[in-house]
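From first to last, the protein sequence lines are chains A and B.
Going left to right, the first sequence walks through residues 576 to 901 as this note's numbering numbers them.
Going left to right, the second sequence walks through residues 576 to 901 as this note's numbering numbers them.
2 protein chains.
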Amino acid sequence: MDLKHLIIHEAARIDQVMREDIDRLADDLDPLLIEILNYGLFSGGKRIRPLLTILSARFFGDSNTDVYHLASALEYLHTATLFHDDVIDSGDERRGEATVYKRFGLSEAVLAGDFLHAHSMAMVGHYGGEAALSVFCQATRGMVDGEFSQLRNARNLNQSEADYFSVVMGKTALLIGAACELGALFAGADEHGRAGLRTYGINLGCAFQIVDDLLDYLGDTRKTGKAVGNDLMEAKMTLPLIYALQRADGADRSRLLEILSDDRARQECFQQVSGLIDKYHGFEDAGEKAKQVIGEAIAALPESAGDHSVQRSFLALSDYVLNREK
Amino acid sequence: MDLKHLIIHEAARIDQVMREDIDRLADDLDPLLIEILNYGLFSGGKRIRPLLTILSARFFGDSNTDVYHLASALEYLHTATLFHDDVIDSGDERRGEATVYKRFGLSEAVLAGDFLHAHSMAMVGHYGGEAALSVFCQATRGMVDGEFSQLRNARNLNQSEADYFSVVMGKTALLIGAACELGALFAGADEHGRAGLRTYGINLGCAFQIVDDLLDYLGDTRKTGKAVGNDLMEAKMTLPLIYALQRADGADRSRLLEILSDDRARQECFQQVSGLIDKYHGFEDAGEKAKQVIGEAIAALPESAGDHSVQRSFLALSDYVLNREK
Chain A
576 MDLKHLIIHE
586 AARIDQVMRE
596 DIDRLADDLD
606 PLLIEILNYG
616 LFSGGKRIRP
626 LLTILSARFF
636 GDSNTDVYHL
646 ASALEYLHTA
656 TLFHDDVIDS
666 GDERRGEATV
676 YKRFGLSEAV
686 LAGDFLHAHS
696 MAMVGHYGGE
706 AALSVFCQAT
716 RGMVDGEFSQ
726 LRNARNLNQS
736 EADYFSVVMG
746 KTALLIGAAC
756 ELGALFAGAD
766 EHGRAGLRTY
776 GINLGCAFQI
786 VDDLLDYLGD
796 TRKTGKAVGN
806 DLMEAKMTLP
816 LIYALQRADG
826 ADRSRLLEIL
836 SDDRARQECF
846 QQVSGLIDKY
856 HGFEDAGEKA
866 KQVIGEAIAA
876 LPESAGDHSV
886 QRSFLALSDY
896 VLNREK
Chain B
576 MDLKHLIIHE
586 AARIDQVMRE
596 DIDRLADDLD
606 PLLIEILNYG
616 LFSGGKRIRP
626 LLTILSARFF
636 GDSNTDVYHL
646 ASALEYLHTA
656 TLFHDDVIDS
666 GDERRGEATV
676 YKRFGLSEAV
686 LAGDFLHAHS
696 MAMVGHYGGE
706 AALSVFCQAT
716 RGMVDGEFSQ
726 LRNARNLNQS
736 EADYFSVVMG
746 KTALLIGAAC
756 ELGALFAGAD
766 EHGRAGLRTY
776 GINLGCAFQI
786 VDDLLDYLGD
796 TRKTGKAVGN
806 DLMEAKMTLP
816 LIYALQRADG
826 ADRSRLLEIL
836 SDDRARQECF
846 QQVSGLIDKY
856 HGFEDAGEKA
866 KQVIGEAIAA
876 LPESAGDHSV
886 QRSFLALSDY
896 VLNREK
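Here it is, written out as structure tokens:
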């Protein structure tokens, strides 16, 4: 099966497992909570995190379908963080729909996030045992810690590549690393196997984020469905901009700093900032960095003990992450 | 040791275990997160929930000091819910100090709550295993569900005793029941022993909340340190008021409904509402209900397998919950 069909096929199975789970919960829980869970969970995500858990278990030759339950915990936790992120950012829209925060309110978004958080932990404990729970909680705590680094660094215009990756770890990579490691653990992989899959996932997550940040400057709006320039408007220090700021001097550097410090200029000077980033090879080198990181992801994969088609899926996923246009 | 000294003595030990734990975390985490955890955790709580876990383990003859780690998870989870409750209620003060929400901000309060939430789950999984995690997550999900019932019922002036207890379960009783059950589980108690301790805790929690709600009308401000009338101002439907509304008719009922529906009247007519509740024996019968519930708590305690002083502590705690004036 090619990657696109694999994603669609597995997403449908994951959705089914989650729907059955939420339906079971519906007997005991408040109808509004159930409505919010259905609204927030089934709004067209690609289910990449649970897919990685499932593939990672198969990579080690385990085809026990209980992995779908373990995998759904990744989607639950991811969705819980989206609910809370929207509260934090007062976010109105996500994937073209009103956020839970906007549609149902602040209390509802905080509480439904807490519910999914606890539910995801219970699932991981039940289907993965204590070692899996430890991996999962470690990732969760790391995600929160990363958000604190980001809060602290928000006004810092002199960020390094290391600062960027520290934020990306919390925002994206730790959970994707945990998704892969949990699948390996589920399949009974040894420490070497677990570490290999964790490193694959972390690097895949980092590359995903770098490409995401590149698309925010260079994406084709007709393909991505999103306007460019959001990160600049919010003064987010992503890799292309960090590279440009490190290299520009004199008038160029002053101009960049001036624009970044001014809410209005950040809205109006997107073309100028893009031009300056390009002049200092910010886009080019961020793209190279993504390639390098994907290389590290692939190099970390151990010998597959299972079906070789899984190895091919991992390679196809790496390729997709690197070359996607949306 | 009498109850007061027991509480002080054990609270100091619990605090020490938590401080060492947070200090260990400090090496790896953002300094602001650590500052918030220290601020929110060490602001003078009585540590009743962890105390109950410790006593419940001793009740079954287990004196392994690892129970302090398991017990601290109860305080972590409780504190996480306080952080989020303050976000939901825009709460400015707690125990005479600025809340985390007020002092550090909304993002910080949401995220630090999420951190403690995940951390508490990891502790329970590690020190209590999968069965303990399942009890703990079940209580957490029940707490959230109870908050949804409360949100849904907030504007309903025709509540029943059952509605009240359904809210109290989520707000107070489920977590206290889980605190007791986790101690029993830690000590290897059988299902009968676990259920007995869970029922003791749930009823203790319910009685605690009824008395809390009575003090909000009848408390001596010099002893409680809190003004009376807060629940009325927020139109909270507590047991004395529910009883009065069920029994009053004609002009008295109309007057109560009129006051409850008007923000300003609720602030100004505290004496009148108190008088009407008293006329319909709302306070008296809520007090009787608390006694009945405490009776059920004590009746649920199985034969103690351990030190009989623990049995005496449980009785003293019940007595304290029922007769406290602050």
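Note that CB positions come from ideal geometry on N, CA and C, so glycine has one too.
Remember, predicted model here, so these are calculated numbers, not experimental data.
Cβ shell of residue i (< 6 Å), same chain only, five flanking positions each side left out
i: Gly752(A); result: Arg773, Gly776, Ile777
i: Gly666(B); result: Thr674
i: Leu652(A); result: Ser695
i: Val699(A); result: Ala648, Ala707, Leu708, Phe711
i: Arg822(B); result: Tyr855
C-alpha distance - residue i paired with residue j, whole-angstrom precision
i: Leu726(B); j: Asp894(B); result: 32 Å
i: Arg669(B); j: Ala861(A); result: 47 Å
i: Pro733(B); j: Met812(B); result: The question names Pro, yet the displayed sequence has Asn at residue 733(B). Each residue's alpha carbon lies about 9 Å from the other.
i: Leu749(A); j: His584(B); result: 40 Å
i: Ser849(A); j: Asp738(A); result: 21 Å
i: Gln591(B); j: Met696(B); result: 20 Å
i: Met576(A); j: Asp641(A); result: 22 Å
i: His692(B); j: Val743(A); result: 22 Å
i: Val803(B); j: Ile817(A); result: 56 Å
i: Asn728(B); j: Gly745(A); result: 38 Å
i: Leu602(A); j: Leu760(A); result: Rather than Leu, the amino acid found at residue 602(A) in this sequence is Asp. Their backbone Cα atoms lie some 32 Å apart in a straight line.
i: Val868(A); j: Gln713(A); result: 23 Å
i: Ala764(B); j: Asn639(B); result: 14 Å
i: Arg839(B); j: Asn731(B); result: 18 Å
i: Gly671(B); j: Gly780(A); result: 44 Å
i: His580(A); j: Asn613(B); result: 49 Å
i: Ser836(B); j: Leu892(B); result: 38 Å
Supposed contact pair residue j and residue i - C-beta distance, whole angstroms, cut 8 Å
i: Leu630(A); j: Phe858(A); result: Between Phe858(A) and Leu630(A) the Cβ distance is about 31 Å, and since that is not below 8 Å, they are no contact.
i: Val710(B); j: Val786(B); result: 26 Å between Cβ atoms; not a contact.
i: Val719(A); j: Phe690(B); result: 4 Å
i: Gly688(A); j: Ala655(A); result: 4 Å
i: Leu686(A); j: Glu863(B); result: In fact, because the Cβ distance is near 33 Å, the residues do not count as touching under 8 Å.
i: Leu626(B); j: Ile582(B); result: 6 Å
i: Asp795(A); j: Glu900(A); result: 6 Å
i: Gly615(B); j: Phe658(B); result: 6 Å
i: Arg624(A); j: Ala782(A); result: Not quite, the Cβ-Cβ distance comes to about 15 Å (not below 8 Å), so this is no contact.
Any C-beta of chain A under 8 Å from that of residue i
i: Arg716(B); result: yes
i: Ile777(B); result: no
i: Arg599(B); result: no
i: Asp605(B); result: yes
i: Ile751(B); result: no
i: Leu667(B); result: First, the residue type needs correcting, since residue 667(B) is Asp and not Leu in the sequence shown. So no, Asp667(B) is outside the interface.
i: Arg727(B); result: yes
i: Ser647(B); result: no
i: Ala697(B); result: yes
i: His856(B); result: no
i: Ala693(B); result: yes
i: Leu851(B); result: no
i: Glu756(B); result: no
i: Phe690(B); result: yes
i: His701(B); result: yes
Delimiting residues of the alpha helix (DSSP H) encompassing residue i
i: Gln922(A); result: In this structure chain A extends from 576 to 901, so residue 922(A) is not present and cannot be described.
i: Cys781(A); result: 766-793
i: Val566(A); result: The shown model of chain A, from 576 to 901, leaves out residue 566(A), and the question about it has no answer.
i: Cys755(A); result: 749-761
i: His694(A); result: 681-728
i: Glu610(B); result: 606-616
i: His856(B); result: Segment: none, His856(B) is in no alpha helix (DSSP H) and carries neither H nor E.
i: Asn898(A); result: 883-898
i: Glu878(A); result: No alpha helix (DSSP H) holds Glu878(A); DSSP gives it neither H nor E.
Any chain B beta carbon closer than 8 Å to residue i
i: Leu681(A); result: yes
i: Arg730(A); result: no
i: Ser893(A); result: no
i: Gly594(A); result: This sequence places Arg at residue 594(A); Gly is not what is there. Judged by the 8 Å Cβ criterion, Arg594(A) is not in contact with chain B.
i: Val662(A); result: yes
i: Leu686(A); result: yes
i: Phe723(A); result: yes
i: Gly794(A); result: no
Close Cβ partners of residue i (< 7 Å) along its chain, the five nearest in sequence each way excluded
i: Ala819(B); result: Leu831, Leu851, Ile852, Tyr855, Gly857
i: Leu681(A); result: Val662
i: Leu807(B); result: Arg841, Phe845, Val848
Same chain, Cβ closer than 8 Å to residue i, five either side skipped, listed in chain order
i: Gln902(A); result: No statement about residue 902(A) is possible, as the shown extent of chain A runs from 576 to 901 and does not include it.
The ligand GDP heavy atom lying under 7 Å from the CB of residue i
i: Val685(B); result: The ligand GDP is not among the ligands present in this structure, which contains no ligands whatsoever.
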